[in-house]
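Visitor:
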Amino acid sequence: MATTADVHPVDEIPPARRLAAFGLQHVLAMYAGAVAVPLIVGGAMQLPPADLAYLITADLLVCGIATLIQCVGFWRFGVRLPIMQGCTFAAVSPMVLIGTTEGGLPAIYGSVIVAGLAIMLLAPVFGRLLRFFPPLVTGTVILIIGVSLLPVAGNWAAGGAGAADFGEPRNLALAAFVLAVVLGVQRFAPAVLSRVAVLIGIGVGLAVAVPFGFTDFSGVGDADWVGISTPFHFGAPEFRASAILSMLVVALVSMTETTGDMIAVGELTGRKVEPRTLSDGLRADGLSTVLGGVFNTFPYTAYAQNVGLVGMTRVRSRWVVAAAGGILVLLGLLPKLGAVVAAIPAPVLGGAGLVMFGTVAASGLRTLAGVGFRGNDNLTVVAVSVAIGVLPVGVPTVYEKFPDWFQTVMNSGISAGCLSAIVLNLLFNHLPAKRGSAAVAGSGGLPVGGGEKAVEQAREETV
Numbered sequence: 476m477a478t479t480a481d482v483h484p485v486d487e488i489p490p491a492r493r494l495a496a497f498g499l500q501h502v503l504a505m506y507a508g509a510v511a512v513p514l515i516v517g518g519a520m521q522l523p524p525a526d527l528a529y530l531i532t533a534d535l536l537v538c539g540i541a542t543l544i545q546c547v548g549f550w551r552f553g554v555r556l557p558i559m560q561g562c563t564f565a566a567v568s569p570m571v572l573i574g575t576t577e578g579g580l581p582a583i584y585g586s587v588i589v590a591g592l593a594i595m596l597l598a599p600v601f602g603r604l605l606r607f608f609p610p611l612v613t614g615t616v617i618l619i620i621g622v623s624l625l626p627v628a629g630n631w632a633a634g635g636a637g638a639a640d641f642g643e644p645r646n647l648a649l650a651a652f653v654l655a656v657v658l659g660v661q662r663f664a665p666a667v668l669s670r671v672a673v674l675i676g677i678g679v680g681l682a683v684a685v686p687f688g689f690t691d692f693s694g695v696g697d698a699d700w701v702g703i704s705t706p707f708h709f710g711a712p713e714f715r716a717s718a719i720l721s722m723l724v725v726a727l728v729s730m731t732e733t734t735g736d737m738i739a740v741g742e743l744t745g746r747k748v749e750p751r752t753l754s755d756g757l758r759a760d761g762l763s764t765v766l767g768g769v770f771n772t773f774p775y776t777a778y779a780q781n782v783g784l785v786g787m788t789r790v791r792s793r794w795v796v797a798a799a800g801g802i803l804v805l806l807g808l809l810p811k812l813g814a815v816v817a818a819i820p821a822p823v824l825g826g827a828g829l830v831m832f833g834t835v836a837a838s839g840l841r842t843l844a845g846v847g848f849r850g851n852d853n854l855t856v857v858a859v860s861v862a863i864g865v866l867p868v869g870v871p872t873v874y875e876k877f878p879d880w881f882q883t884v885m886n887s888g889i890s891a892g893c894l895s896a897i898v899l900n901l902l903f904n905h906l907p908a909k910r911g912s913a914a915v916a917g918s919g920g921l922p923v924g925g926g927e928k929a930v931e932q933a934r935e936e937t938v
């Protein structure tokens, strides 16, 4: 009979009260990002408010189902780690283009279904690429994930991108107050409460925001009590070659981002991601994307926002995130509840986001601390990869003169930085060393010099 000590923290099931609280914390951390994609795409297509509301409830429903598939898993689907699923932002620009010029929502959903099937077919191939993710690469990717998310928290703290009062001191003051509450709870409260520090910070921030006029609950009264998303609500899917090609590029970007997120969660939870589990996780992504095309929503990927929450709270149970998936399903079936969550002011989320996303970046630094940087070029690999990953975050229009497929790949700081780290690691640590240089093996890369035998040996050690 297995004892508690025999159960890995990832597989532990907390008591029901903690399960619900921890799960709600994950939902609040990703909710704004989850509803942003349908809002952006539907707004660009000038859909009526009723259709926008339908897209949001459908998105929340499939977000929950996708999260359950990823965390609980069945057969060869699901990485079985605490990973939240949500619509990928990499697909926003192509979907807006398809929706406005190439056939509307039916053409979008046709390309999404094909992309999901392609992800399922390519999952085993990506699983074999795990050997190209030594600590040098994984630490760099985790660092880039955290740094690229910080502007999201900054926008929330200032009032939300596009808000009329964006940057008002009172918005930043509320965000700073929430941040102070989160830090205070984590530092001084008992261990049980410190693990829900983000939830407490958001709750206290919301309580303060109401009397100061930050909240708007008018949408709650307009929302329906029950809403069920039916397959192909906007018409049968249309399969257009140009739309499918652009969405296949998005699929490759999404798989690269998901790989980085899964490796990051594996590092934080102490359960390393293996090639087979990576394939299972990507296969779940593909299945969720197909479901998205059927149930009137969009491509799905692992959400980096919640990686930081796992690291900050040190709650590693996948069942906690599965509970969050159940809450999302409930929100998707009960639009009025979703409207209540949507009324949380952006500055409240921003204050919590600063510490969560900063935790992701700090986790990357912790991984890189075990990498050797003397007598090799590992510092160059990290420096250039971080620079390329942060570039589209700091200068969003830097690639606007390039072709659409190039923008899809490089406008995502996570995918751009990840690809750069892989290529540079291959260049500096896999190829034979320069003549006259000593063979140096850093703990984060492969030894250089020594010919094919040394390279093959290092590859085995890395795996």
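Residues in the sequence shown are numbered from 476 upward in steps of one, following our numbering. We put the beta carbon where it would ideally sit given N, CA and C, even for glycine. This structure is a prediction, so every number in the text was calculated from the model and none was measured.
#1: Under three-state DSSP, which class holds Q661?
#2: For F903, which three-state DSSP category applies?
#3: Which residue comes first and which comes last in the beta strand (DSSP E) that contains T452?
#4: Let me know the secondary structure DSSP gives A914 once reduced to three states.
#5: From this set, I703, L647, A655, L812, which residue's C-alpha is nearest F689's C-alpha?
#6: Does the segment 798 to 812 touch the segment 619 to 635, meaning 3 or more C-beta pairs lie closer than 8 angstroms?
#7: Closest to L618 by CA distance: which of P907, I719, P513, R841 is it?
#8: For R492, count the other beta carbons within 10 Å of its own beta carbon; 16 or more makes it buried, fewer makes it exposed. Which is it?
#9: Out of curiosity, what's the CA-to-CA distance linking A913 and L854?
#10: Output the distance between the C-alpha atoms of A916 and I889, rounded to the nearest integer angstrom.
#11: Less than 8 angstroms between the CB atoms is what I'm expecting for S725 and T883, so what's the real figure, rounded?
#12: Give every residue of the same chain whose Cβ lies closer than 7 angstroms to the Cβ of G508, excluding the five residues on either side of it in the sequence, and list them in chain order.
#13: Mind the definition here: the segment 703 to 720 touches the segment 576 to 586 only if three or more C-beta pairs lie below 8 angstroms; say whether that holds.
#14: Give me the Cβ distance between A504 and M831, rounded to the nearest whole Å; I'm assuming they're in contact under 8 angstroms.
#15: Provide the residue(s) that pair with F552 in DSSP beta bridges, ordered along the chain.
#16: Below 8 angstroms, can you find three or more Cβ-Cβ pairs linking the segment 539 to 547 to the segment 758 to 770?
#17: Taking the alpha-carbon of G456 as reference, which of G579, F687, Y506, M885 has the nearest alpha-carbon?
#18: Measuring CA to CA, which of T705, Y506, G786, S792 is closest to F770?
#19: Please go through the same chain and pick out, in chain order, the residues whose beta-carbon is closer than 6 angstroms to the beta-carbon of F848, but skip the five residues on each side of it.
#20: Going by other Cβ atoms of all chains shown within 10 Å of its Cβ, with 16 needed for buried, is D699 buried or exposed?
#21: Between the Cα of L596 and the Cα atoms of F663, G756, G825, which residue gives the shortest distance?
#22: Whose C-alpha, out of V516, I540, M559, is nearest the C-alpha of T733?
#23: State the beta-bridge partners of Q560 as determined by DSSP.
#24: Locate the alpha helix (DSSP H) running through Q882, then write down its first and last residues.
#25: Give the straight-line distance between the Cα atoms of T764 and S838, rounded to the nearest whole angstrom.
#26: Between the C-alpha atoms of R603 and R551, what's the straight-line distance to the nearest angstrom?
Guide: Taking the coordinates as given:
#1: Here Q661 sits in helix by DSSP.
#2: helix
#3: Outside the modelled stretch of the chain, which goes from 476 to 938, sits residue 452, for which no answer is possible.
#4: Per-residue confidence for A914 stands at a pLDDT of 44, beneath the threshold of 50, marking its modelled position as unreliable; the derived number appears in the next sentence. Looking at A914 - three-state DSSP - the assignment turns out to be coil, as it is neither helix nor strand.
#5: Cα-wise, what sits closest to F689 is L647.
#6: no
#7: R841
#8: exposed
#9: Confidence at A913 is low in this model, with a pLDDT of 47, below 50, so the placement of that residue is unreliable and no value is reported for it.
#10: At A916 the pLDDT is 43, less than 50, meaning the model places this residue with poor confidence; the figure from the coordinates comes in the next sentence. A916 and I889: Cα-Cα distance of roughly 27 angstroms.
#11: Contrary to the premise, residue 725 reads as Val rather than Ser in this sequence. Correct: roughly 6 angstroms between the Cβ atoms.
#12: G561, Y778, Q780
#13: Contact between the segment 703 to 720 and the segment 576 to 586 is established, with three or more Cβ pairs separated by less than 8 angstroms.
#14: That belief holds up - the Cβ atoms of A504 and M831 are roughly 6 angstroms apart, short of 8 angstroms.
#15: Paired residues: F549.
#16: Because the criterion of three Cβ pairs below 8 angstroms is met, the segment 539 to 547 and the segment 758 to 770 touch.
#17: As displayed, the chain neither begins before 476 nor continues past 938, which places residue 456 out of reach and without an answer.
#18: T705
#19: Hits under 6 angstroms: L854.
#20: Exposed: under 16 other Cβ atoms inside 10 Å.
#21: G756
#22: Comparing Cα positions, the closest option is M559.
#23: A777
#24: Segment 879 to 885, the alpha helix (DSSP H) holding Q882.
#25: Computed Cα separation, rounded: 29 angstroms.
#26: 15 angstroms
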